[in-house]
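If you count the sequence shown from 1, position 183 lands on 183 in the UniProt record's numbering, and the numbers rise without skipping.
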Amino acid sequence: MESDPTTKVCATCGNSGETIKHCAKCKSEFYCSRDCQKAHWKEHKKVCGKTTPVEPAADASFSSSDKPFHSLDAGTWLHNRSEKDTFTLLIDTYRFRANDNLNLEKKTDPDDVLGGATDSSVAFRRFLELIERNSKLLPSWWAQEKSKECVEYGMNTTEWQSFRKSTSKDDIIKHYQDQYMPMQLRLFGEQVYGTGPGGQAGKGVLQAMKLMEGGGYHHSILNAESARSR
1 MESDPTTKVC ATCGNSGETI KHCAKCKSEF YCSRDCQKAH WKEHKKVCGK
51 TTPVEPAADA SFSSSDKPFH SLDAGTWLHN RSEKDTFTLL IDTYRFRAND
101 NLNLEKKTDP DDVLGGATDS SVAFRRFLEL IERNSKLLPS WWAQEKSKEC
151 VEYGMNTTEW QSFRKSTSKD DIIKHYQDQY MPMQLRLFGE QVYGTGPGGQ
201 AGKGVLQAMK LMEGGGYHHS ILNAESARSR
């Protein structure tokens, strides 16, 4: 949530006051506390951000991988990518996992926009610290200063990667023009966190997607989509 100087009414309890705050994403609903914001989220998420949609077009400069699920299995998904693409994918992996945590486990980080913070930069720094412990997932050119540069990249409030925005499955598909990108982000996030969203394991999904990439059984992709659709 972000502070609003005018007197507004909390969407949950009806309280009002000079220090009431609005939803950081859409700025259309107001809350007197994080508890009230969380209590109202199930209803509000249906319309949150609809009036300020994220960028719908694919990033023309983004370079996709020929066999991303093979790369995920090999731990090289971020390798051989440009700096900009690497930064963007790291940010989107974090943001999408935060969205899954809210939807599947009803959990939010107070340092994330979904938990009421102005932006998600503090929570994202912790994500970077986690992935740097498993540095084999990062490209060979990654160095300590790249963490700072990656955070700075997400501080641009007018661009897709802004830490002031959250991302949903539909947002990801529209931005990348790739129906399987949400699956890639979830599987990579599982490699970073050690578990999939909602505690689910993605090993079976990953193997099914590798079969699809290699011209394997058609039913594999149907099973994978069913397992990951939310």
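Glycine is no exception: its CB is placed at the ideal position from the N, C-alpha and C atoms.
Everything numeric in this text was worked out from a predicted model, so none of it was measured.
- Counting only the Cα atoms, K174 lies some 27 Å from R126.
- Per the Cβ contact rule, the stretch 106-121 is not in contact with the stretch 135-146 (fewer than 3 Cβ pairs under 8 Å).
- Between the stretch 166-186 and the stretch 142-157 there are fewer than three C-beta pairs closer than 8 Å, too few to call the two in contact.
- Taking N101 as reference, the option from V205, G198, E213 with the minimal CA-CA separation is G198.
- Note that the C-beta distance between A98 and D111 is not below 7 Å.
- Each residue's CA atom was taken as its position, placing E213 and T86 some 22 Å apart.
- Bridge partners of Y31 according to DSSP: K21.
- Rounded to whole angstroms, the separation of the alpha carbons of L90 and C23 is 24 Å.
- By the criterion of a C-beta distance shorter than 7 Å, D92 is surrounded in its chain by T167, I172, L185, once the five residues flanking it on both sides are discounted.
- Taking C-beta separations shorter than 6 Å and ignoring five residues to either side along the sequence, the partners of S65 in its chain run S71, following chain order.
- For the 7 Å CB-CB criterion, G196 and G204 do not form a contact.
- Taking C-beta atoms as the reference points, Q191 and T88 fail to come closer than 7 Å.
- By the Cβ neighbour-count rule, Q37 is buried, with 16 or more other Cβ atoms within 10 Å of its own.
- A direct Cα-Cα distance of roughly 29 Å separates C32 from E159.
- Relative to the Cα of E105, the nearest Cα in the group L130, L206, Q179, K42 belongs to K42.
- Fully contained in the stretch 136-214 are the following alpha helix (DSSP H) runs of length 4 or more, in chain order: 144-153, 169-176, 181-193, 203-213.
- For R81, there is no enclosing alpha helix (DSSP H), as DSSP marks it with neither H nor E.
- About 5 Å separates the beta carbon of L128 from that of S147, a gap short enough to meet the 8 Å contact definition.
- Between V151 and S121, the C-beta gap is smaller than 7 Å, which places the two residues in contact.
- A direct Cα-Cα distance of roughly 18 Å separates T12 from T108.
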